[in-house]
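Since the structure comes first, as structure tokens, the remarks are kept for the end.
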Amino acid sequence: MKTKICHKCTEEHTTLFRIQIQRKGPWVFVCETCCLHYKKGPFYRYGGTWKGYRH
Ligand SMILES: [Zn+2]
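Per numbering that gives the first Met the number 0, the very first residue in the sequence shown carries number 0; after that it's consecutive.
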């Protein structure tokens, strides 16, 4: 199982969300908890889900 580091909490997760949090900003990967936090932001954009495991 692969993991990625969350952009905000810097912890390893197996499922992350690719989101944009600034206007014309870079795409970052965040965990579900941090994604909910950023969702309130005015420039939030969702760009997909990354999963570190295969079925
Ligand atoms: Zn996080």
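C-beta atoms are modelled at their ideal positions from N, C-alpha and C, and glycine is treated no differently.
Heavy atom of ligand 1 within 6 Å of residue i beta-carbon
{"i": "residue 3", "result": "no"}
{"i": "residue 27", "result": "no"}
{"i": "residue 39", "result": "no"}
Host alpha helix (DSSP H) of residue i (start-end)
{"i": "residue 37", "result": "31-37"}
7 Å Cβ cutoff met for residue i and residue j
{"i": "residue 34", "j": "residue 16", "result": "yes"}
{"i": "residue 18", "j": "residue 52", "result": "no"}
{"i": "residue 20", "j": "residue 40", "result": "yes"}
{"i": "residue 10", "j": "residue 2", "result": "no"}
Test: residue i CB closer than 7 Å to a CB of chain C
{"i": "residue 22", "result": "The structure shown contains no chain C, having only a single protein chain."}
First through last residue of the beta strand (DSSP E) which encompasses residue i
{"i": "residue 46", "result": "44-50"}
Candidates the options: closest to residue i by CA position
{"i": "residue 25", "options": "43, 10, 1", "result": "43"}
Exposed unless 16 or more other CB atoms sit within 10 angstroms - verdict on residue i
{"i": "residue 8", "result": "exposed"}
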